[in-house]
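Enquirer: The listed protein sequences derive, respectively, from chains A and B.
Mapping to the numbering used here: the first sequence position 97 is 98, numbers consecutive.
Mapping to the numbering used here: the second sequence position 137 is 139, numbers consecutive.
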Amino acid sequence: MKLNRYTLAFLLLSPAFNMFGQQELLDQLDAIAPDSTFTVQATFKSTRIGIGHSVETRRKGVLEVTAQNRFWNRPTEETTQTFAADKYNGRYELAYGVTDQLTVGGAFGTGYTSIDLFAKYRLLYQKPKLPISISLFQNVVHREKNPGIYSRELNFSDELAYTSQVLIASKINSNLSLQLSPTFIYRNADKLIDGVDPSSFALGFGARYKIGRFVALTSEYFLVDDPSEDITTYGPFSLGVNWEIADLMLQFKLTNARNLVEDKFIARTFNNFNFRNGNLHFGFQATYLIHFKHSNRLEK
Amino acid sequence: MQKITLITLLLLTSLGWSQDNQYATSQGSVSFFSYTPVENIKASNDLVYSLLDLDKNQIAVRMLMRAFTFEKALMQQHFNESYIESDIFPKATFAGVLENFDAAAAQQTCLISGTFSLHGENQQIQFKSTVNKQGNSYVFSGDFQLQVADYNIKIPVLLRPNIAKTVSVTFNFEFLPYEAE
Numbered sequence: 002m003k004l005n006r007y008t009l010a011f012l013l014l015s016p017a018f019n020m021f022g023q024q025e026l027l028d029q030l031d032a033i034a035p036d037s038t039f040t041v042q043a044t045f046k047s048t049r050i051g052i053g054h055s056v057e058t059r060r061k062g063v064l065e066v067t068a069q070n071r072f073w074n075r076p077t078e079e080t081t082q083t084f085a086a087d088k089y090n091g092r093y094e095l096a097y098g099v100t101d102q103l104t105v106g107g108a109f110g111t112g113y114t115s116i117d118l119f120a121k122y123r124l125l126y127q128k129p130k131l132p133i134s135i136s137l138f139q140n141v142v143h144r145e146k147n148p149g150i151y152s153r154e155l156n157f158s159d160e161l162a163y164t165s166q167v168l169i170a171s172k173i174n175s176n177l178s179l180q181l182s183p184t185f186i187y188r189n190a191d192k193l194i195d196g197v198d199p200s201s202f203a204l205g206f207g208a209r210y211k212i213g214r215f216v217a218l219t220s221e222y223f224l225v226d227d228p229s230e231d232i233t234t235y236g237p238f239s240l241g242v243n244w245e246i247a248d249l250m251l252q253f254k255l256t257n258a259r260n261l262v263e264d265k266f267i268a269r270t271f272n273n274f275n276f277r278n279g280n281l282h283f284g285f286q287a288t289y290l291i292h293f294k295h296s297n298r299l300e301k
Numbered sequence: 003m004q005k006i007t008l009i010t011l012l013l014l015t016s017l018g019w020s021q022d023n024q025y026a027t028s029q030g031s032v033s034f035f036s037y038t039p040v041e042n043i044k045a046s047n048d049l050v051y052s053l054l055d056l057d058k059n060q061i062a063v064r065m066l067m068r069a070f071t072f073e074k075a076l077m078q079q080h081f082n083e084s085y086i087e088s089d090i091f092p093k094a095t096f097a098g099v100l101e102n103f104d105a106a107a108a109q110q111t112c113l114i115s116g117t118f119s120l121h122g123e124n125q126q127i128q129f130k131s132t133v134n135k136q137g138n139s140y141v142f143s144g145d146f147q148l149q150v151a152d153y154n155i156k157i158p159v160l161l162r163p164n165i166a167k168t169v170s171v172t173f174n175f176e177f178l179p180y181e182a183e
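(1) Can you find a C-beta in chain B that's less than 8 Å from the C-beta of His-292(A)?
(2) Check Asp-145(B) in the structure and name its three-state DSSP category.
(3) Report, in whole angstroms, the separation of the C-beta atoms of Thr-270(A) and Asn-280(A), which I expect to be a contact under 8 Å.
(4) Kindly confirm or deny that the region 57-69 of chain A and the region 217-237 of chain A touch, where touching means at least three C-beta pairs closer than 8 Å.
(5) Determine the burial state of Tyr-222(A): buried for a count of at least 16 other Cβ atoms within 10 Å of its Cβ, exposed for fewer.
(6) How about Ala-45(B) and Met-65(B): do their beta carbons lie closer than 8 Å?
(7) Can you tell me the Cα-Cα spacing of Thr-234(A) and Asn-272(A), whole angstroms?
(8) Are the Cβ atoms of Leu-53(B) and Leu-30(A) separated by less than 8 Å?
(9) Any Cβ of chain A within less than 8 Å of the Cβ of Gly-122(B)?
(10) From which residue to which residue does the alpha helix (DSSP H) around His-80(B) run?
(11) Note down, in chain order, each residue of its chain lying with its Cβ closer than 6 Å to the Cβ of Lys-135(B), except the 5 sequence neighbours on either side.
(12) Can you tell which of Ser-220(A), Gln-24(A), Ala-190(A) and Leu-261(A) has the C-alpha that lies nearest to the C-alpha of Ser-158(A)?
(13) With respect to the alpha helix (DSSP H) encompassing Phe-266(A), which residues constitute its N-terminal and C-terminal limits?
(14) Residues of the region 167-179 of chain A with a CB closer than 7 Å to any CB of chain B: list them in chain order, please.
(15) Taking only beta-carbon atoms, is Ser-37(A) less than 8 Å away from chain B?
(16) State the DSSP-derived secondary structure class of Pro-179(B), mapped to helix, strand or coil.
(17) In terms of DSSP beta bridges, what is Lys-192(A) paired with?
(18) Quick one: what does DSSP say Val-159(B) is sitting in, helix, strand or coil?
(19) Please name the residue or residues paired with Lys-211(A) in a DSSP beta bridge.
(20) Alpha carbon to alpha carbon, how far is Leu-255(A) from Gln-139(A)?
(21) Contact criterion: CB-CB distance below 8 Å. Does Leu-27(A) meet it with respect to chain B?
(22) Can you pull the chain B residues whose beta carbon is under 7 Å from the beta carbon of Ala-208(A), in chain order?
(23) Are there any heavy atoms of the ligand FMN lying less than 7 Å away from the beta-carbon of Thr-234(A), as far as the coordinates show?
(24) Between the alpha carbons of Leu-17(B) and Ala-182(B), how many angstroms are there, rounded?
(25) Could you please give the first and the last residue of the uninterrupted beta strand (DSSP E) stretch that includes Asp-104(B)?
(26) If we define contact as Cβ-Cβ less than 8 Å, is Ala-287(A) a contact residue for chain B?
(27) So what's Gln-60(B) in DSSP terms, helix, strand or just coil?
(28) Using a Cβ-Cβ cut-off of less than 7 Å, give me the residues of the region 36-49 of chain B that come near chain A, in sequence order.
(29) Can you tell me the Cβ-Cβ gap for Phe-173(B) and Gly-30(B), rounded? I've got them flagged as a contact below 8 Å.
(30) What number of angstroms, rounded off, separates the C-alpha of Pro-76(A) from the C-alpha of Gly-106(A)?
(31) List, in order along the chain, the chain A residues whose C-beta lies closer than 7 Å to that of Lys-58(B)?
(32) Going along the region 139-165 of chain B in order, which residues come within less than 9 Å of chain A, judged by CB to CB distance?
(33) To the nearest angstrom, how far is it from the Cα of Lys-128(A) to the Cα of Leu-155(A)?
(34) Going by DSSP in three states, Ala-94(B) sits in which element: helix, strand or coil?
(35) Between Leu-178(B) and chain A, is any beta-carbon pair separated by less than 8 Å?
(36) Name the chain B residues whose beta carbon is nearer than 9 Å to that of Gln-42(A)?
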């Protein structure tokens, strides 16, 4: 084999060879540069999975404006429709990210005339070495009561109810996230009714599965343990679709829960989930995010 | 005999017979801008790693997608979750060669060509970089344009007016001498 020096030079400088060397330098760089230690992002896209709260909190300086509602028909034959459905329940919420970990919010509910305040604190973030995220949720709701059934006249604090939750979630892969939500509910007013326990326990199960880059299926169920024998309740169930369009998040769901505040819909859902009038509720939720702080911060 | 000489030479060049003349940075910055009438999107990453080999006139760059910071937290989330899919493709890399590079020049413009790998897609790109020699460091800076469509990044119809088809990328790296361990 005879090689002249031009062939040799050509071979030495051939692009294929350069590529090989470049990859080698990249491999050397990969060995030096650390791997990603960033926390797992977007376990859920919204601060709610469907009906209940998700482990997510809002970033600092972000205001979340939410309108939630439920539409359902009455089981009676008579037509009482006002707007597409017989009955309507709405709740309008503002929530603000005080820090990346702490979100506080308040809401006004129309159907049952309630005012509620809540705080959610992100305790743990899922990381490459930690498979779960944990948030703590606490709310208090004031709801006007029908005075007839109570043993005495109600004052303001009698009309309060509290919900505490530990939200434990894991993003299994980029499409599937699961959540477990141990819940404790306490209703002050129920102390004034014989045979009714003011406290309820529940265990929430939630999941989302992404079917597109902006669309996810969600489902939630709460297993409720209510010590009161006189009251028959059903676990609230929801099946929905979340659709994210830039700053707007739309959530559509079918559920048996007609109420929109945790103490009521978790522990006091009186109808089972099926497609009969009075039981099937169509839920719609729109969430709009407004960024007040433009911080350009690097997350942990 | 000539065969052996050839193979030896090839091996020597490919393996790199000297690693003394390497330069590195762990704080290179890369920014990108998308300008549309609807919305301007800016993001920057100041934790870009890069190695420069002046014996072989080669450069390698690696950046983590999650290290890009945005004006709005939600933009950052969409970028990672829905466009770049940083769960699956956590980093972007560039491996290239410096053409017409003069290690001794105080200031020069050098042509860099190589493979840019982003969102699982490899593209051959070529761009100019200004190089300033300051003491024992080299500062590379410049900009180039990226076509979003080249990298299999799909933008939903509703959001097409918000994101530019061509994104401009600017970079700035200050390389210091590096001793491989």
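The C-beta atom is built at its ideal place from N, Cα and C for all residues, glycine as well.
Expert: Inspection of the coordinates gives the following:
(1) The residue labelled residue 292(A) in the question sits at position 291 within the first sequence. Closer than 8 Å: yes.
(2) Start at 1 with the first residue of the second sequence, and residue 145(B) comes out as number 143. Strand, per DSSP.
(3) In the first sequence, the residue the question calls residue 270(A) occupies position 269. In the first sequence, the residue the question calls residue 280(A) occupies position 279. That pair is no contact at about 10 Å.
(4) no
(5) To locate residue 222(A), count along the first sequence from 1; it is residue 221. Buried, because 16 or more other Cβ atoms sit within 10 Å of the Cβ of Tyr-222(A).
(6) Sequence index remark: in the second sequence, residue 45(B) carries index 43 (1-based). Sequence index remark: in the second sequence, residue 65(B) carries index 63 (1-based). Not closer than 8 Å, so no.
(7) Taking the first sequence and counting its residues from 1, one reaches residue 234(A) at position 233. Taking the first sequence and counting its residues from 1, one reaches residue 272(A) at position 271. Straight-line Cα distance between these residues: approximately 7 Å.
(8) Translated into the one-based positions of the second sequence, residue 53(B) becomes position 51. Translated into the one-based positions of the first sequence, residue 30(A) becomes position 29. Yes, these two residues count as a Cβ contact at 8 Å.
(9) Position 120 of the second sequence, counted from the start, is the residue given in the question as residue 122(B). Answer no: the Cβ-Cβ gap between Gly-122(B) and chain A never drops below 8 Å.
(10) Position 78 of the second sequence, counted from the first residue, corresponds to residue 80(B). 75-80 is the extent of the alpha helix (DSSP H) around His-80(B).
(11) Taking the first residue of the second sequence as 1, we reach residue 135(B) at position 133. Counting only Cβ-Cβ distances below 6 Å, and skipping sequence neighbours, we find Ala-108.
(12) Position 157 of the first sequence holds residue 158(A). Nearest of Ser-220(A), Gln-24(A), Ala-190(A) and Leu-261(A) to Ser-158(A), Cα basis: Ala-190(A).
(13) Within the first sequence, residue 266(A) is the residue found at index 265, counting from 1. It spans 263-268 - the alpha helix (DSSP H) in which Phe-266(A) sits, taken as one unbroken run.
(14) Ser-175
(15) Here residue 37(A) refers to the residue found at position 36 of the first sequence. Ser-37(A) counts as touching chain B.
(16) Sequence index remark: in the second sequence, residue 179(B) carries index 177 (1-based). DSSP places Pro-179(B) in strand when its eight states are reduced to three.
(17) As a working mapping, residue 192(A) is identified with position 191 in the first sequence. Paired residue(s): none; Lys-192(A) is not in a bridge.
(18) By 1-based counting over the second sequence, the position of residue 159(B) is 157. If DSSP states are grouped into helix, strand and coil, Val-159(B) belongs with the helices.
(19) Within the first sequence, the letter at position 210 stands for residue 211(A). DSSP lists Ala-217(A) as partners of Lys-211(A).
(20) If you number the first sequence from 1, residue 255(A) lands on position 254. If you number the first sequence from 1, residue 139(A) lands on position 138. Answer to the nearest angstrom: the Cα atoms are 25 Å apart.
(21) Here residue 27(A) corresponds to residue number 26 of the first sequence, with the count starting at 1. Cβ-Cβ to chain B under 8 Å: yes for Leu-27(A).
(22) Here residue 208(A) corresponds to residue number 207 of the first sequence, with the count starting at 1. Going along chain B, no residue has its Cβ under 7 Å from Ala-208(A), so there is no contact; the nearest lies around 17 Å.
(23) As presented, the structure is devoid of all ligands, the ligand FMN included, so that no description of it is given.
(24) Against the second sequence, residue 17(B) aligns to sequence position 15. Against the second sequence, residue 182(B) aligns to sequence position 180. Residue placement at Leu-17(B) cannot be trusted, given a pLDDT of 48 that sits under 50; the coordinates are not used to answer.
(25) In the second sequence, residue 104(B) corresponds to position 102, counting from 1. Neither: Asp-104(B) is in no beta strand (DSSP E) and is coded neither H nor E.
(26) Against the first sequence, residue 287(A) aligns to sequence position 286. It does not: the Cβ of Ala-287(A) has no partner Cβ on chain B nearer than 8 Å.
(27) If you number the second sequence from 1, residue 60(B) lands on position 58. The answer is strand: DSSP assigns Gln-60(B) an E or B state.
(28) none
(29) Stepping through the second sequence from its first residue, residue 173(B) is reached at position 171. Stepping through the second sequence from its first residue, residue 30(B) is reached at position 28. At roughly 7 Å, the Cβ-Cβ gap stays under 8 Å, so Phe-173(B) and Gly-30(B) are in contact.
(30) For this step, residue 76(A) is matched to residue 75 along the first sequence. For this step, residue 106(A) is matched to residue 105 along the first sequence. For Pro-76(A) and Gly-106(A), the distance between alpha carbons rounds to 35 Å.
(31) For the purposes of this step, residue 58(B) is taken as the residue at position 56 of the second sequence. Near Lys-58(B) (Cβ distances below 7 Å), the residues of chain A are Gly-22.
(32) Lys-156, Pro-158, Leu-160, Leu-161 and Asn-164
(33) Stepping through the first sequence from its first residue, residue 128(A) is reached at position 127. Stepping through the first sequence from its first residue, residue 155(A) is reached at position 154. In a straight line, the C-alpha of Lys-128(A) is about 48 Å away from that of Leu-155(A).
(34) Locating residue 94(B) in the second sequence gives position 92, counting from the first residue. Strand.
(35) Looking up residue 178(B) in the second sequence gives position 176. Taking Cβ atoms only, chain A never reaches closer than 8 Å to Leu-178(B), which makes this a no.
(36) If you number the first sequence from 1, residue 42(A) lands on position 41. What Gln-42(A) touches in chain B: Arg-68, Gln-78, Gln-79, Asn-82, Glu-83, Ser-88 and Asp-89.
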